[in-house]
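Per this note's numbering, residue 1314 is the first one in the sequence shown, and the count goes up by one each step. Heads up, the beta-carbon is just placed ideally off N, CA and C, and yes, glycines get one too. Notes for the one structure printed next.
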Amino acid sequence: MKAAAVLCEGTPVASNIDVVEWDAIEPQPHEVLVKTEASSLNHLDLWVGIGMPGLNLSYPRISGSDGCGIVEAVGSDVDSGIVGKRVLLNAAVKQHNNQPFVPDDIRMIGEHDNGANAEYFTAPRENVIEVGDVDAITASAFGLTHLTAWRMLMTKANLQRGQTVLITGIGGGVALAALNICNYFDCTTIVTSRHEWKLEKATELGATHCVLDEGEDWSRTVRGLTEKQGAHICVDSIGGPVHHPCIKSLARGGVLVTCGCTAGPAPKTDLARIFWNQLSVMGSTMGDMEEFAGVLELLANGVTPVIDSVYPYTEASDAFARLESGEQFGKIVIDWSSLH
């Protein structure tokens, strides 16, 4: 089969991506074999290419934690009724339902195990869900980012219709997914970015307010937009210097939910404000299959992901280069359909 393989670790990652012939794969007894129609990239793909701290990965390997396709075969323990169905991947293996934290033995398809950036991928039957006639490119761009944002907003922060939500770094996949979810629930949204053009695009997508992040403390601006009350919830995956203004932007009893720290893991914070205003700071990672089913109801109801670009599988290295540039607005998709 064809695969967009990460040949070795190192940067730039795109220069180490090549479409190669890979040995055919077969499903284990509990797995399905999926003929990939589309996969989409996440920052996790870059970390797999750079080399994951604390994780001993071997190369070459196949990344890809978002994939959609048609089930072609099943293992001996799986009901064959799913063969021929279009399914979407939840890459978090052993993420048990209703568990408030990530289990020690969790594995990520596309990180610990080979992923969806290939002509075929395998996954446990319980880690795929049918998506009917939803377009495969759309579905592949919806999966992990919307699941992550859903868990952050609904499970962790207990989002209520009409609340005010601060979303940092608009243009990234999780941030745009959070905006989608907030729009669905008629929330007031305040989004930040270092780029005016991204703020303009966010306005077109329904963001209520936009704040240009020029490296200064923008929390006063956020509080001014909320009649000095602050935001009920902040969704952040940046960390670093963005964390402190996020804390200062929250209303009393507010919740900051983080799923990443692309700008640094050890930020300045404000403990006095946290305890006096009784703020909550919560971590969140991916989501379980119950949460996946919940957020996919939005997809079925017409909520669609923002797609930056679609590349044929033969140009997979260009897709990685686009992600590495940081200039994307939305998801980057690799189209595998020409192989089938």
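Expected contact under 8 Å - CB spacing of residue i and residue j to nearest Å
i, j, result
"P1578", "H1557", "Not confirmed; about 14 Å, so no contact."
"A1318", "V1333", "5 Å"
"A1632", "L1354", "6 Å"
"G1423", "G1377", "4 Å"
Alpha-carbon to alpha-carbon, residue j and residue i
i, j, result
"M1421", "E1540", "43 Å"
"T1575", "G1596", "14 Å"
"S1604", "R1464", "Note that residue 1604 corresponds to Glu in the displayed sequence, not to Ser. Approximately 7 Å, taken between the alpha carbons."
"G1519", "N1496", "7 Å"
"E1509", "G1484", "11 Å"
"D1426", "S1393", "24 Å"
"F1455", "G1643", "10 Å"
"Y1372", "T1349", "22 Å"
Continuous beta strand (DSSP E) stretch holding residue i: start and end
i, result
"Y1433", "1433 to 1437"
"T1461", "Careful: T1461 lies outside any beta strand (DSSP E), inside the alpha helix (DSSP H) at 1449 to 1463."
Secondary structure of residue i, DSSP reduced to three states
i, result
"V1326", "helix"
"P1554", "helix"
"L1402", "strand"
"C1559", "helix"
"Y1372", "coil"
"T1516", "helix"
"A1579", "coil"
Residue i: first and last residue of the uninterrupted alpha helix (DSSP H) it sits in
i, result
"L1611", "1602 to 1613"
"L1584", "1584 to 1589"
"A1673", "The structure shown does not extend to residue 1673, since the chain is modelled only from 1314 to 1653, so the question has no answer here."
"I1503", "Element bounds for I1503: not the alpha helix (DSSP H) but the beta strand (DSSP E), 1501 to 1506."
"G1537", "1532 to 1538"
"G1362", "1356 to 1363"
"D1379", "D1379 -> not in any alpha helix (DSSP H); beta strand (DSSP E) instead, spanning 1379 to 1387."
"A1470", "Element bounds for A1470: n/a, residue is neither H nor E."
Other residues of its chain near residue i: CB distance less than 6 Å, five sequence neighbours each side excluded
i, result
"L1472", "L1466"
"G1364", "E1322"
"A1404", "S1378, M1421, I1422, G1423"
"W1531", "V1524, P1558"
"A1490", "T1458, H1459, A1462"
Proximal residues to residue i (C-beta, below 8 Å), its chain only, five neighbours per side dropped
i, result
"G1396", "It is worth fixing the name first, because residue 1396 is Val in this sequence and not Gly. So the qualifying residues of the chain are V1384, E1385, A1386, V1387."
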